[in-house]
Amino acid sequence: MLQIYNTLTKQKSAFTPLKAGEISMYVCGMTVYDYCHIGHARVMVSFDVITRFLRSQGWKVNYVRNITDVDDKILQRAKQNDESMQQLTERMIAAMHEDEKRLFVLPPDQEPRATGHIQGIIDITQILIDKGYAYAASNGDVYYRVAKFEGYGKLTNKNIDELRAGARVAINDIKENPIDFVLWKAAREGEVSWESPWGNGRPGWHIECSAMSKHCLGDNFDIHGGGPDLPFPHHENEIAQSEAANGCAFANLWMHAGAVRVNSEKMSKSLGNFFTIRDVLQQYNPEVVRLFLASVHYRSYIDYSEASLKEAKVKLERFYQALRDVSPQAAELDNKYHSQFTQAMNDDFNTPKAIAVLFELVNELNTANRQKLATAPALAAQLLSLADSIGLLQQDPTEFLQGEAKEGEISPQQIEVLIEERKVARSNKDFAESDRIRDALLQGGVVLKDTREGTSWFREG
RNA sequence: GGCGCGAUGACAGAGUGGUUAUGUAGCGGACUGCAACUCCGUCCACGCCGGUUCGAUUCCGACUCGCGCCUCCA
């Protein structure tokens, strides 16, 4: 039975889809004004793991993740770079797709862009005005009348009076109430804009998601997800917009990934302590990053550090070492791993526990390999199949372990030559020479492994 | 101040009302010419104080400490 934690109810409960066997899911994606960082990677990978696993269980998942391609930051950055908004966003979207692909993140089923849904945004805004939930201000902006929406704050336990009292919102005489937020922004000189009943302008930040989710999934859908800083105000505002406009419940279940920290401090754009995905991938195999992210439950914070990345690398080496010496062959197996793995994942996507099960499986596989048991190929196939359901271990073991020679590193051909020389030395019992060669390779990060069948090697991080 | 989350062995990180998490590191063995890989064994634990209970790391309450959101940020 699938159980998921719901931010709205603050508890884990059995998942019930709107349509049997199907799941409609909307996840807030990137605002494309810069390269994606590890925080983005966490959201991408978390929901990728979730989607893959659900599909492996037979769920039909319709996964939508939007792109925000018009907003203040984008306009500002484009101006700084002296390029058009479109040039900037196209460039960043291409980069994002590249990053995702490298991280083995499958594309969502639909990837709507805000600029492609301006009419939908205008339509919702008009409905909200008609129903009294929004008003056009004197300057051409349109605002949401927060106090009018009864359920405001239900996702994050806010109440309107306290929000107003603590209002760190800029005083603005144009608004009826400081906590009202903008649905439509009047065009400013030289900025991109679209025609609307309230004059030329562009969408506010929250309204696009109401429009795109409605278009792709309808008024009411199963799951809405996003990053740790989105519940307030973004998702709270989405609820206010969509439920007021549509007159029905919005998302049934809300999922939020935890934060990525660096040195125990939240990683964020404003603190400037972020690492981009491409930076990290210069140093680590993409799957290392994936395993690092999956090593912690998706709702907990995760600490980014050299040590934790290295640890993920060592873990992967253990997996691939086990897989290198056997040819997987699927066969019936009567063991506990499949059910334990599935149970862990069905329990709010407990990847750390699921991965622990994989390690137990590896242990049995290694023993089977050592003892040349007939079960080894089946165990290997089982490991691959379970790992595949969360997007892990799909690389060729030897390729993973040997890696690509980086700048200045010794090539596979050179390594093979040295291994051959060492073999000769060993057969002559010239262990001094043999050890010299091994030490020299180790200096270059290459570790040798002698087996009855011969010597293999891998690169050490 | 409001809302919410967390505190597990050397480190990372799951989980459970009474029984081994898991990975890395350490220690002792096996394998090896010696190593590496691998296997076997093993040390180290549940912030603090009360309560409930036959029994609590696990449930309840207080406390201490840490963190997130409340403002653009995944």
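In the numbering used here, the protein residues as written are 4 to 464.
In this text, a Cβ means the ideal position worked out from N, Cα and C, and glycines have one as well.
With 16 other CB atoms within 10 Å as the buried threshold, where does E239 fall?
buried
Opposing strand residues paired with M28 [DSSP bridges]
Y66 and I226
In angstroms, rounded to a whole number, what distance separates the CA positions of E402 and D433?
31 Å
Since H40 and F277 should fall inside the 8 Å C-beta cutoff, what is the C-beta to C-beta distance between them, to a whole number of angstroms?
4 Å
When the Cα atoms are used, what is the spatial distance from M95 to I393?
27 Å
Between E211, R429, I132 and H100, which lies nearest to A73 when the distance is taken from Cα to Cα?
Sequence check: residue 73 is Val here, not Ala. Answer by Cα proximity: E211.
Thinking A117 and P206 are a contact (beta carbons under 8 Å), I'd like their distance in whole angstroms, please.
6 Å
Does the Cβ of K217 have 16 or more other Cβ atoms within 10 Å, making it buried, or fewer, making it exposed?
buried
Over what stretch of residues does the beta strand (DSSP E) that includes M99 continue unbroken?
That residue, M99, is in no beta strand (DSSP E); its alpha helix (DSSP H) goes M88 to R105.
Which value, in whole angstroms, describes the spacing of the CA atoms of E153 and F253?
14 Å
What residue range does the alpha helix (DSSP H) around H341 cover?
Y340 to N349
Looking only at C-alpha atoms, which of D164, A81 and M215 sits nearest to C31?
M215
Measuring straight from C-alpha to C-alpha, what distance separates Q60 and L131?
40 Å
Grouping DSSP H, G and I as helix and E and B as strand, with all else coil, what is I7?
strand
Alpha carbon to alpha carbon, what distance is there between A262 and Y304?
5 Å
Beta-carbon separation of R462 and V449 under 7 Å?
yes
So what's G193 in DSSP terms, helix, strand or just coil?
coil
For P236, collect the residues of the same chain with a Cβ closer than 8 Å to its Cβ; drop the 5 residues on either side in sequence, then sort them by chain order.
F184 and H209
Quick one: what does DSSP say V35 is sitting in, helix, strand or coil?
coil
According to DSSP, is M258 helix, strand or coil?
strand
Given that a residue counts as buried once 16 or more other Cβ atoms are within 10 Å of its Cβ, and exposed if not, what is E290?
buried
Determine the closest residue to P181 out of Y155, E246, Y146 and G156, with distance taken between C-alpha atoms.
Y146
CB contact flag (I422, T370, <7 Å)
no
Name the one or two DSSP bridge partners that G206 has.
One detail in the question is off: residue 206 reads as Pro in this sequence, not Gly. Partner(s): W187.
Based on Cα-Cα distance, which residue from L5, I280 and Q6 lies nearest to E103?
I280
Take the Cβ of N288 as the centre, count every other Cβ of all protein chains shown within 10 Å, and call the residue buried at 16 or more, exposed below.
buried
Name the two residues that bound the continuous alpha helix (DSSP H) containing Y323.
E309 to R327
Is the beta carbon of A189 less than 7 Å from the beta carbon of G143?
yes
Evaluate contact between the stretch 15–22 and the stretch 77–85, counting only Cβ atoms and requiring at least three cross-stretch pairs below 8 Å.
no
In its own chain, which residues sit with a C-beta less than 8 Å from the C-beta of P115, not counting the 5 before and 5 after it?
V67, N69, I70, M215, H218 and C219
Can you round the beta-carbon distance between A334 and A381 to whole angstroms, since I take them to be within the 8 Å contact cut?
4 Å
Buried versus exposed, by CB contacts within 10 Å (16 or more), N9:
buried
Please report how far the alpha carbon of D306 lies from the alpha carbon of R264, in whole angstroms.
5 Å
Could you tell me the distance, in whole angstroms, from the CA atom of A260 to the CA atom of G250?
28 Å
Take the Cβ of G275 as the centre, count every other Cβ of all protein chains shown within 10 Å, and call the residue buried at 16 or more, exposed below.
exposed
By DSSP, does H40 sit in helix, in strand, or in coil?
strand
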